[in-house]
Amino acid sequence: MPTDFIPFRDTHYFSNFICDYLDEKDTLKELYNRFPNLDNFEAQIEEKQGSFQQDSRSELVHVLKDQYANLNTSEITLTHIESLTSVDTFTVTTGHQLNLFTGPLYFLYKIISTIKLTKQLKQTYPNYNFVPVYWMASEDHDFNEINYFNFKGKKIRWNSEQTGAVGHFSTKGLEDVFDVFSSEMGLGKNAEQLKSWFRNAYIEHDNLADATRYLANELFGSYGLVILDSDHTDLKRLFIPQMKKELIEQTAFKNVTQTNGILEALGLKIQVNPRDINFFYIKDGLRERIVEHDDVYSVIETDIAWSQTELLAHLEEYPERFSPNVIMRPLYQEVILPNLCYIGGGGEMIYWLQLKSNFEAQGVTFPMLLLRNSALVKTEKQAEKLEKLHISDGDLFLDRNSFINKKVRKISNIDIDFSEQITHLESQFKHLHELAKQTDKSFLGAVKAQEVKQIKGLKHLEKRLLKAQKRKLADEISRCTDLQEQLFPNGNLQERTVNFSELYLEYGEQLILHVMKALQPLKGDFTIITL
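The sequence shown begins at 738 in our numbering and counts up by one.
Written out as structure tokens, the structure reads:
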């Protein structure tokens, strides 16, 4: 199973912000606590160990045992849960929405990165225990982002009129989705396994949170993954002090707004903007923002309202009804978990880097932030074709037009690169410009116009020759673009489009084993895997 790597910056699919973070640019260092390398984890362990409450550990383990009560899972996962009572046990966490049938491939890469890092930490720091955690975004509300997955170029979608936190959504109606999926699946052992997972997850469980927990446990329980649904009264109760401070003092708005000013001064795009109050109110299909006006707190689109005293009393009685938004969710995570590091995608990294000042204001340790592994999976057959067509890994990441032009130039029997001629022409006109200056400066405009005209003519001729060669070499170019399209569907990264079921159909249980072996969470490069 050959594995190759390409720097993230060279893929051109990742923002300069993220690439600068990976390069540890000085301009970003005030936005994070420690950069994720093995040596820095020692100080992170000491800081988290000194700040995390033992009572929180006991409550966390109690909730996890309750959530796993009816789940058939591995001994290693159960051991991991039990170990969280110890002051020497820490977590590495990733989070993800409750996408139907896991959504795009990077769901797997997030979790595998998390599992691999805990193993690496255990080797480096054997006196401590490290538990991989998948945080289910069960309180999320954007159903349209999660209600489908792609399979062999088709979108398999779940239509539902339910509202509120998606983790509460009833799975009723998913029988129809299962029938559609099954009809596309075909026969064979791997197909039957995929059908079984879908059926058992979405037909045999009552809500989306339970269905997602089942599926993630089936895929990764044997590796010791611990799956947490934070939408729980007892966990929210641990977060009451921070919720009170936010509701009364609006700490997130003040601190994150200040950080956003720093980012904007650096020319960086803001990922999320804080509100005055960064909580939703959730109850019986309702999920709406809490706002404050003239000392009255209310839930928009409803007649629910409180004075400040009434609001705080309601929070104490029903903490489960207060749902943190994207600004406060990371803080909630770090309050209830003995966490060292959060692993996420590029967008997540950016908004986490906006939040350090709010953590400091709330007195909560800011975790290390690690960009998840990204990968491209090629079959052996695809790899052989790419080699025969002399297509490099770097070529694959080019946009379609640049990819075609490069291939035409490479396989053409005539030279269609006029850059040398253009350079020579520019050199000649430089001499003519000097000559015009020495004779009559009024000719400078005419010389410049002639230079522009001739260079434009050469570029136009180059384009015409390329176009002619594309027609002549159409069959070979078509084979090249077909391969690129297979690996970059619609010009997107494979991991952001393809569902794991397409690859599992061919490779079965070996898929996760091979990807687990290939990914290296701390390497800092894009991974290319040949199966």
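For each residue, glycine too, the CB sits at the ideal point set by N, CA and C.
Spatial neighbours of residue i within its chain, please: CB distance less than 8 Å, with the 5 preceding and 5 following residues excluded, ordered by chain position.
| i | result |
| --- | --- |
| R1137 | T1218, Q1221 and G1228 |
| I1141 | K1207, I1214, C1217 and T1218 |
For residue i and residue j, what's the separation of their Cα atoms in angstroms?
| i | j | result |
| --- | --- | --- |
| T839 | L1242 | 15 Å |
| I848 | Q1008 | 23 Å |
| C1078 | G961 | 17 Å |
| L1107 | T828 | 14 Å |
| L1135 | T748 | 8 Å |
| T988 | N1095 | 7 Å |
| N864 | I977 | 33 Å |
| E767 | Y862 | 27 Å |
| E1029 | E876 | 22 Å |
| P739 | Q1257 | 14 Å |
| A903 | L835 | What sits at residue 903 in the sequence shown is Val, not Ala. V903 and L835: Cα-Cα distance of roughly 8 Å. |
| N774 | L858 | 10 Å |
| S1238 | H905 | 25 Å |
| V868 | E1157 | 58 Å |
| K1122 | F990 | 54 Å |
| N1054 | L1048 | Reading the sequence as shown, one finds Glu at residue 1054 and not Asn. Each residue's Cα considered, the two are about 10 Å apart. |
| D1032 | H1051 | 16 Å |
Could you please give the first and the last residue of the uninterrupted alpha helix (DSSP H) stretch that includes residue i?
| i | result |
| --- | --- |
| H1269 | Absent from the model: residue 1269. The displayed extent of the chain is 738 to 1268, so no value can be given. |
| I985 | I977 to E986 |
| P1061 | Unbroken run through P1061 is the beta strand (DSSP E), F1059 to P1061; no alpha helix (DSSP H). |
| M1086 | G1083 to W1089 |
| T1046 | Q1045 to E1054 |
| F778 | F778 to S788 |
| F1096 | K1093 to Q1099 |
| I940 | Where I940 is concerned, there is no enclosing alpha helix (DSSP H), given that its DSSP letter is neither H nor E. |
| D747 | F745 to T748 |
| D966 | D966 -> not in any alpha helix (DSSP H); beta strand (DSSP E) instead, spanning V963 to D966. |
Within a Cβ cutoff of 6 Å, which residues of the same chain sit near residue i, ignoring the five residues on either side of it in sequence?
| i | result |
| --- | --- |
| T900 | G1022 |
| F1292 | Nothing about residue 1292 can be read from this structure; the chain reaches only from 738 to 1268. |
| I1265 | D741, L1113 and D1130 |
| R727 | Absent from the model: residue 727. The displayed extent of the chain is 738 to 1268, so no value can be given. |
By Cβ distance, which residues of its chain are closer than 7 Å to residue i, with the 5 residues on each side in sequence left out?
| i | result |
| --- | --- |
| H1197 | none |
| L759 | F745, L1108 and G1261 |
| I1159 | I1192 and L1195 |
| E955 | W934 |
With a threshold of 16 other CB atoms inside 10 Å of the CB of residue i, please say whether the residue is buried or exposed.
| i | result |
| --- | --- |
| T996 | buried |
| N807 | exposed |
| R950 | buried |
| I1014 | buried |
| S1060 | buried |
| H833 | buried |
| K892 | exposed |
| G890 | exposed |
Where do the N-terminal and C-terminal ends of the beta strand (DSSP E) with residue i fall, by residue?
| i | result |
| --- | --- |
| T949 | Note, T949: premise wrong, no beta strand (DSSP E); alpha helix (DSSP H) at L945 to F957. |
| K762 | It is not in any beta strand (DSSP E) - K762 carries neither H nor E in the DSSP assignment. |
| L1135 | No beta strand (DSSP E) contains L1135, which DSSP labels as neither H nor E. |
Return the chain-ordered ranges of every alpha helix (DSSP H) run that is complete within the stretch 819 to 881 and spans a minimum of 4 residues. 843 to 861
What residue ranges within the stretch 984 to 1037 form continuous alpha helix (DSSP H) runs of no fewer than 4 residues, ordered along the chain? 988 to 1002
Write down every uninterrupted run of the beta strand (DSSP E) in the stretch 873 to 925 whose length is 3 residues or greater and which is fully enclosed by it, in chain order. 885 to 888 and 891 to 894
In chain order, what are the residue ranges of uninterrupted alpha helix (DSSP H) at least 4 long that sit wholly in the stretch 1221 to 1256? 1237 to 1244 and 1247 to 1255
Just to confirm the assignment: which complete alpha helix (DSSP H) runs, minimum length 4, are found wholly within the stretch 1102 to 1133? 1117 to 1125 and 1130 to 1133
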